[in-house]
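Numbering (the working numbering), first residue to last: 124 to 254.
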């Protein structure tokens, strides 16, 4: 028997998240064999925060995304690569990435922006990188 509290939310049938980043977080959490509670504990938040991110009700900050990547023992770029594969087109990823990166970049300090540029330069020149 299906647990009704999981099958229904706010009186309607639950559906998979429409949030690309939320789907990526859920995918890698499941791949790691972690429950939301375990992942939440690893990054110092409550399980509701993980749930909200996975459902697209809350977008992770860059810092939180980095913490998720570390907790899941994956590079942060895996989240975006998963989105690209799931959506099937670079155009949709590009729109999503540009919009969210633009929002995130406006919140960074000059020192954080400089560190990000150094990291991006290293990432783009890494051996084995595929275009």
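Note that beta-carbon positions come from the ideal geometry of N, C-alpha and C, so glycine has one too. Keep in mind it's a predicted model, so treat the numbers as computed, not measured.
Query, Result
"Beta-carbon separation (whole angstroms), residue 145 vs residue 177, contact threshold 8 Å", "4 Å"
"Residue span of the alpha helix (DSSP H) that contains residue 241, given as start and end", "233-247"
"8 Å CB neighbourhood of residue 245 in its chain, flanking five on each side removed", "none"
"Residue 249 versus residue 163: straight-line alpha-carbon distance, rounded", "31 Å"
"Run of the alpha helix (DSSP H) containing residue 174, from where it starts to where it stops", "170-178"
"Integer-rounded CB distance, given that residue 223 should sit under 8 Å from residue 150", "With 8 Å as the limit, residue 150 and residue 223 do not qualify as a contact, their Cβ atoms being about 18 Å apart."
"Collapsed DSSP secondary structure at residue 132 in the structure displayed", "Its pLDDT being 38, under 50, residue 132 is placed unreliably by the model, and the measurement read from it follows with that caveat. Residue 132 falls in the strand class under three-state DSSP."
"Cβ-based neighbour list, residue 159, same chain, cut-off 8 Å, excluding 5 preceding and 5 following", "152, 170, 173, 174 and 177"
"Run of the alpha helix (DSSP H) containing residue 191, from where it starts to where it stops", "185-194"
"Bounding residues of the alpha helix (DSSP H) (the contiguous stretch that carries residue 154)", "143-154"
"Integer Cβ distance of residue 195 from residue 238, believed to fall under 8 Å", "With 8 Å as the limit, residue 195 and residue 238 do not qualify as a contact, their Cβ atoms being about 22 Å apart."
"Unbroken alpha helix (DSSP H) run spanning residue 159, endpoints", "159-166"
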